[in-house]
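First up is the structure itself, then whatever we jot down about it.
Residue numbers (UniProt numbering): 1 to 244.
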């Protein structure tokens, strides 16, 4: 039997996805793509619910960073790429960091979201790319352009965890030197896997000890907790530490 030709709709959707990926890449290169010159020299992996060597979160007000008067010269930029399967909480993470309330329900990102956050010494550009299957193909094109990768995992989505593991390791292989912060999100759900379980299921124990990989448990903005949520603050403080 001769193979059936692809329908016009399938071809159109495939073409749209390719065009969208190209547009995202061009926008990234134009707006964010300055190359990566800074590296974190921690030199060891770390697993846990809060990052080591960081100040206590309850001693820090997130508005303090924005209230600082910037220097007269233009602030340097730091780039953070936020990836993960659709539904893992990437968009909510960016909205919380930007001081916006989380959206109700699950609204997949078809394309990308971005936010720029000022700190005392530099500006942090965070780019989220949608986690649908069509967009994951383009993830690897951005890895070499950023300073830190944040990979969000839905701790309660046991069925798709092997997919998350596969995509994560593709990214790890793409850039062996890139610091990676893995966020075990939705820990407030009863069916969520623990950090210890996720470390095993994501194959993190096999990663080279010299690789800078962090695994943080979090519940991004449950019940409107927003930036006051300890998990969100821990992630942000770790990012600042890695980017400094």
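Ideal Cβ placement from N, Cα and C applies to all residues, glycine included.
Check                                                                                                                                 : Outcome
Residue 205 versus residue 85 - alpha carbon distance                                                                                 : 21 Å
Contained beta strand (DSSP E) runs [length at least 3] in the segment 101-188, N- to C-terminal order                                : 112-118, 122-129, 148-154 and 180-185
Rounded straight-line distance, which links the Cα of residue 136 to that of residue 98                                               : 24 Å
Within 8 Å, strictly: CB atoms of residue 168 and residue 126                                                                         : no
Selected residue, minimal CA-CA separation from residue 147, among 189, 178 and 165                                                   : 178
Nearest-angstrom Cα separation, counted from residue 96 out to residue 173                                                            : 30 Å
Rounded separation between residue 186 and residue 170 - CA only                                                                      : 23 Å
Contacts around residue 75, its chain only, beta-carbon distance under 6 Å, and the 5 residues preceding and following it disregarded : 122 and 123
Rounded Cβ spacing between residue 201 and residue 165 (contact assumed at less than 8 Å)                                             : 7 Å
Exposed unless 16 or more other CB atoms sit within 10 angstroms - verdict on residue 199                                             : buried
Residue 81 vs residue 149 beta-carbon contact at 8 Å                                                                                  : yes
The beta strand (DSSP E) enclosing residue 78, as first and last residue numbers                                                      : 76-84
Three-way DSSP call (helix, strand, coil) for residue 245 in this model                                                               : No information on residue 245 is available, as it lies outside the stretch 1 to 244 that the chain covers here.
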